[in-house]
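J.: Mapping to full-length UniProt numbering: the sequence shown position 46 is 46, numbers consecutive. Note that the Cβ used here is the ideal one computed from N, Cα and C, for glycine as well. Please read all numbers here as calculations on a predicted model, not as lab measurements.
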Amino acid sequence: MMQLFLYTSTLISSLIFIQMNHPLAMGLMLLIQTLQICLLTGLMAKSFWFSYILFLIFLGGMLVLFIYVTSLASNEMFSLSMKLTTICVMATAILMLISVFMDKSSTTCFMQNLEMQPFN
1 MMQLFLYTST LISSLIFIQM NHPLAMGLML LIQTLQICLL TGLMAKSFWF
51 SYILFLIFLG GMLVLFIYVT SLASNEMFSL SMKLTTICVM ATAILMLISV
101 FMDKSSTTCF MQNLEMQPFN
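So, in structure tokens, the structure goes:
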């Protein structure tokens with residue numbers, strides 16, 4: 001279930017990355033995608049040492065890229081697009097709803113809790 005959530009959130013963040021304009025926002029999205037890929041790799045391998053090393057190496061590269069980008073684009077204003085924010089929130093909400101309803105154990109537990117509550 002966690003892998004499905006990470007796969008879907010990686011896909012959503014990849015689609016959002018295409019819409020980014022500011023270099024710092026692109027760097028942040030790239031860092032988020034790296035974290036998601038490292039989590040997926042760790043869950044698949046059942047050991048997080050490789051993911052940890054991969055993340056540290058990538059983080060070092062991102063620090064160099066951050067210094068380069070801030071020297072080039074230091075005067076650009078950073079603003080969030082309302083359209084992009086709305087799409088991100090909607091996609092996350094839909095993803096959460098789908099993950100809750102696909103998990104049979106949480107649905108069964110929720111239904112049992114509803115049956116046990118007395119109505120007054």
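#1: Less than 8 Å separating the Cβ of Leu30 from some heavy atom of the ligand FAD?
#2: Please decide whether Ser13 counts as near chain D, where near means a Cβ-Cβ distance under 9 Å.
#3: Residues in the same chain with beta-carbon distance under 7 Å from Cys88, minus the five sequence neighbours each way, listed in chain order, please.
#4: If you check the beta carbons only, do Leu39 and Met62 fall under 9 Å apart?
#5: Going by beta carbon distance, what residues of the same chain come within less than 6 Å of residue 130, once the five residues before and after it are set aside?
T.: Per the coordinate set shown:
#1: This structure simply doesn't include the ligand FAD, nor any ligand for that matter.
#2: Looking at the structure shown, chain D is missing, and only one protein chain is on hand.
#3: On the sequence shown, position 88 is the one that residue 88 refers to. Excluding sequence neighbours, Cys88 sits near Ile16.
#4: For the purposes of this step, residue 39 is identified with residue 39 of the sequence shown, where counting begins at 1. For the purposes of this step, residue 62 is identified with residue 62 of the sequence shown, where counting begins at 1. Between Leu39 and Met62, the C-beta spacing is not below 9 Å.
#5: Residue 130 lies beyond the stretch modelled for the chain, which goes from 1 to 120, so this question has no answer here.
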